[in-house]
Amino acid sequence: MALVIACGSVLGLTSCEKMLRDMASKTSADQKAADTTTVASSPAPEAPKAPEFEITYPKGSKYAGLTPPAGAKANPFEEIPTIIETHKDKANWADKHADIKGVLLQNGRKDYLFVLQQQGANEMLRHELFPHYYQDMGNTAVLNAIGFYTEQLVEAKSEDSELIYKCLRALNGYWEADKIAKVALTTAKRVQARPITSAADTTTRIGSYRQIYARELKKMAQRLSANGA
1 MALVIACGSV
11 LGLTSCEKML
21 RDMASKTSAD
31 QKAADTTTVA
41 SSPAPEAPKA
51 PEFEITYPKG
61 SKYAGLTPPA
71 GAKANPFEEI
81 PTIIETHKDK
91 ANWADKHADI
101 KGVLLQNGRK
111 DYLFVLQQQG
121 ANEMLRHELF
131 PHYYQDMGNT
141 AVLNAIGFYT
151 EQLVEAKSED
161 SELIYKCLRA
171 LNGYWEADKI
181 AKVALTTAKR
191 VQARPITSAA
201 DTTTRIGSYR
211 QIYARELKKM
221 AQRLSANGA
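In case it helps, the numbering used here puts the sequence shown at residues 1 to 229.
Put into structure tokens, the structure is as follows:
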């Protein structure tokens with residue numbers, strides 16, 4: 001207010017208003033520049049993290065997207081995540097394996113078993129069994145468990161060709177060659193018969209790797225067959 005009075009007495013009202021407008025414009029410009037600098041220096045938001053794996057569903061499955069069974073009192077697709085949370089700070093993978101295996105046995109006659117099989121296999125193979133396998137490739141307990149979860153993926157008709165390929169590589173010499181060849185070829189044919197319905201089927205990591213490893217599985221089956229599997 002004092003500035004307005006002083007300005008008016010020295011310059012006159014019109015000149016005073018112009019000076020005040022100029023000051024306001026400068027302040028606004030300075031603030032805008034400061035805001036622009038702040039935005040430019042702020043870290044860019046992180047891109048959404050890609051899913052670690054995809055569950056394979058039959059076409060038109062009512063369980064797609066982990067949709068729980070209609071009328072279920074408890075969501076069965078939360079059982080394995082609960083087990084994972086329970087064992088997250090525990091070093092003994094065998095206890096987690098036993099609990100997951102128990103869930104699979106309890107739901108053995110359910111039509112949504114294939115979802116549980118893939119949930120359990122992905123958790124155990126990716127986060128427990130492969131880390132132990134790479135430390136000791138001759139550990140029969142680990143190899144036996146890898147074999148168990150490979151069979152779960154096959155029964156569930158999983159199209160995760162990358163994971164199944166890694167399992168079969170680990171099981172080379174532990175499983176019979178003809179069994180490995182059969183699983184490799186069956187999985188490869190299933191993946192290659194999958195219709196390409198969107199860009200994600202070939203451009204995302206999961207989509208492109210699915211096709212790449214399907215070809216590798218086919219080569220694996222051919223090599224084993226050529227060697228008398």
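All C-beta atoms, glycine included, are put in the ideal place defined by N, C-alpha and C. Please read these numbers as outputs of a predicted model, since none were measured by experiment.
Terminal residues of the alpha helix (DSSP H) in which Gly71 lies: No alpha helix (DSSP H) holds Gly71; DSSP gives it neither H nor E.
Through-space distance from Phe130 to Met137, alpha-carbon basis: When rounded, the distance between both Cα atoms is 9 Å.
Reference Trp93, options Arg194, Val142 and Ala72, closest by Cα: Ranking Arg194, Val142 and Ala72 by Cα distance to Trp93 puts Val142 first.
Inter-stretch contact at 8 Å, needing at least 3 Cβ pairs: the segment 183 to 195 / the segment 115 to 135: The segment 183 to 195, when compared against the segment 115 to 135, does not touch it at the 8 Å Cβ threshold.
CB contact flag (Ala170, Ile146, <8 Å): Yes. Within cutoff.
Residue from Gly207, Asp201 and Lys179 whose Cα sits closest to the Cα of Met220: Just measuring C-alpha positions, the residue of Gly207, Asp201 and Lys179 sitting nearest Met220 is Lys179.
Beta-carbon separation (whole angstroms), Asp160 vs Leu153, contact threshold 8 Å: Confirmed, Cβ separation roughly 7 Å.
Outcome for Leu105 when other beta-carbon atoms lying within 10 angstroms are tallied against a minimum of 16: It counts as exposed.
Unbroken stretches of the beta strand (DSSP E), 3 residues or longer, contained in the segment 160 to 206: DSSP runs (the beta strand (DSSP E)) wholly in the segment 160 to 206: none.
Ala156 beta carbon less than 8 Å from that of Gln117: Between Gln117 and Ala156, the gap from beta carbon to beta carbon is short of 8 Å.
Pairwise C-alpha distance: Gly173 and Tyr112: Taking C-alpha positions only, Tyr112 is separated from Gly173 by approximately 33 Å.
From Asp95, Arg109, Arg190 and Glu85, residue whose alpha carbon lies closest to that of Cys59: Note that residue 59 is Lys in the sequence shown, not Cys. Per the Cα distances, Arg190.
Nearest-angstrom Cα separation, counted from Lys73 out to Arg223: Rounded to whole angstroms, Arg223 and Lys73 show a C-alpha spacing of 49 Å.
Residue environment, Glu123, which counts as buried when at least 16 other CB atoms sit within 10 Å: The residue is buried, with at least 16 neighbouring Cβ atoms inside 10 Å.
Pro58 (DSSP reduced to helix, strand or coil): Pro58 sits in coil when the DSSP states are folded into three classes, being neither helix nor strand.
Nearest-angstrom Cα separation, counted from Ser158 out to Ile55: Straight-line Cα distance between these residues: approximately 7 Å.
Reference Glu78; option with closest CA among Lys166, Gln119 and Gly71: Of the candidates Lys166, Gln119 and Gly71, the one whose C-alpha sits nearest the C-alpha of Glu78 is Gln119.
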